[in-house]
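This is the structure in structure tokens:
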């Protein structure tokens, strides 16, 4: 499990690196949802952190492309 990344670290990443991080976080999000459904999730706050990290990275990727965040 990764700790929350600093915004300054994310800003220096390329679009491709951000997309890779987003994919990894989506996989983790899927696993967390599965664990929660089966009653095996211990750290319930991690679901919220991962969701917000995905949104943060999507916003930065959109800014790098020069598009408004969706």
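Residue numbers (my numbering): 150 to 219.
Glycine included, each C-beta is placed from N, C-alpha and C at the ideal position.
Pick from the options: whose alpha carbon is nearest that of residue i?
i, options, result
"residue 140", "156, 196, 157 and 192", "Residue 140 lies beyond the range of the chain shown here (150 to 219); nothing can be said about it."
"residue 181", "164, 199 and 165", "199"
"residue 179", "161, 203 and 162", "203"
Hey, residue i and residue j are a contact pair by Cβ (cut 8 Å); roughly how many whole angstroms apart?
i, j, result
"residue 164", "residue 194", "No, residue 164 and residue 194 are not in contact; Cβ-Cβ is about 29 Å, not under 8 Å."
"residue 205", "residue 159", "7 Å"
Sufficient close CB pairs (3 or more, under 8 Å) joining the segment 185-198 to the segment 168-176: Not touching, per the Cβ criterion.
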